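104 is the number that the working numbering gives to position 94 of the sequence shown; each next residue is one higher, with no gaps. Glycine residues also receive a C-beta, built at the ideal position from the N, C-alpha and C atoms. Predicted, not measured: the structure shown is a model, and the values here were computed from it.
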Amino acid sequence: MTGKRILTIQDLSCVGQCSLTVALPVLSAYGIETCVLPTGILSNHTAFPEWTCFDFTPEMWNIMEAWRKNDFRFDAFLLGYLGSAAAIDAAKVCFRDFAKGGADILIDPAFGDYGRLYPAFDHKYVAAMADLIQSAHVILPNFTEVCFLTGMEYRDNAPIEYLKSCIAMLADLTPAVIVMTGAEQSGRIGELIYSGGKFTEVWAKLLPGRFHGTGDLFAAAFTAVYLQSGSLPEACKAANDLVIESIKATEADTHCYGVNFEYALAKFRK
Ligand code: PXL
C-alpha cells in the first residue's frame with residue numbers, strides 16, 4: 011500500500027475497455043486510492059467505426075471549483091487520452107491547484123499509434139500535448155507519439171539505434187523521464203527508458219495480434235508499481251506481465267473490446 015491518493019484524468023469510453031474503465035479498476039486493484047476526472051464521455055472508443063463524444067470540459071471547471079472549496083490535494087496524477095486542447099488546459103490548472111508538494115505527474119500522450127494520429131486529433135493537439143508534457147515527471151509515449159512530438163519520421167520495424175535517437179531528441183524537449191512503450195525488436199516487445207542521459211531496456215515476449223487498450227493497461231499498472239516501488243524497470247516488468255496475461259486471456263476476434271485484464275487481475279490477486 012502506498013497511502014497515496016492519485017487523480018487520473020482521461021476520457022470515459024462507455025464500451026471498449028480503455029482510459030478510465032482500465033485505469034480505475036487497475037489502480038484500485040493495486041491498492042491505490044483513485045479519483046477520476048473525466049474529460050469527455052464517448053459512446054465507445056474511436057477505433058470502432060461509429061462513435062459519439064460529449065465534451066465534459068465545461069464540467070471539469072465546475073468540478074475543480076468545488077474541489078478548491080473542499081481543499082482537495084493529490085499525491086500523483088496519471089493522464090491518458092484527454093480528447094481536446096480544452097481538456098489539456100484544464101489539466102494544467104488541475105496540476106497547479108491540486109498537486110501536493112512533490113506530487114508525481116505521469117502522462118501518456120495517448121494521441122496515436124502505428125504511425126497515425128487517432129481520428130479525433132490533429133497537429134494542434136500534438137502541439138498542446140508537447141506543452142503539457144513540460145509539467146510531467148514521467149511520460150509514456152509509444153513510438154508514433156515520439157515521432158509526432160519530435161517531427162521525426164515514423165518507420166515500421168525501425169532499428170533500435172533509430173528509436174533511441176528519436177527518444178534522445180524528445181528528451182531535449184521535455185524535462186520528463188521518457189518510458190517509450192511498445193518498442194519491437196527481434197520477436198520481443200518492451201520499453202526503452204531514458205533517464206539521466208542513459209537508456210535502460212526492458213523486454214518481454216511479443217505475442218501475435220494487435221489489441222486495443224494495451225497502452226492504457228500498461229500505463230495504469232506501470233503507475234501503480236512505480237508509485238509503490240520508485241523503480242522504473244520494476245514498474246515496466248510488472249506492467250508487461252499484466253499485459254501479457256491479459257492478452258493470453260483474450261479471444262482473438264474481440265480485440266476492439268480491449269484485453270481481458272479483469273481475468274488477469276483476478277488471477278494475479280489469488
Ligand atoms: O486507448 C487509447 C484510447 C483512449 N480513449 C479513446 C480512444 C483511444 C484510442 O483509440 O479512442 C476514446
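Counted as a single uninterrupted DSSP element, the beta strand (DSSP E) harbouring residue 44 occupies residues 43-52. For residue 247, the CB contacts under 7 Å within the same chain, skipping 5 residues up- and downstream, are 212 in chain order. Remark: the shortest separation between the CB of residue 53 and any heavy atom of ligand 1 does not fall under 7 Å.
In terms of side-chain proximity, the C-beta atom of residue 135 is found no nearer than 7 Å to any non-hydrogen atom of ligand 1.
Relative to ligand 1, residue 28 has its C-beta within less than 7 Å of a heavy atom. For residue 57, the CB falls within less than 7 Å of some heavy atom of ligand 1. Taking all protein chains in view, the Cβ of residue 253 is crowded by 16 or more other Cβ atoms within 10 Å, so the residue is classified as buried. Look at residue 21: its beta carbon is less than 7 Å from one of the heavy atoms in ligand 1. Under the three-pair Cβ rule at 8 Å, the region 23-43 counts as touching the region 205-224. In chain order, 157 place their CB closer than 8 Å to the CB of residue 163, counting only its own chain and leaving out the 5 sequence neighbours on each side. At a cut-off of 7 Å, the beta-carbon of residue 225 counts as near ligand 1: some heavy atom of the ligand is closer than that. With the rule of 3 Cβ pairs closer than 8 Å, the region 75-83 does not count as touching the region 121-136. Rounded to the nearest angstrom, the Cβ distance from residue 45 to residue 74 is 12 Å, too far for a contact under 8 Å. The DSSP-derived three-state label of residue 231 is helix. In terms of CA proximity to residue 251, 201 leads the group 237, 264, 201 and 263. The nearest non-hydrogen atom of ligand 1 is less than 7 Å from the C-beta of residue 120. If you look at residue 71, you'll find it in the alpha helix (DSSP H) that goes 67-80. Residue state for residue 114 is assigned as strand, using DSSP reduced to three classes.
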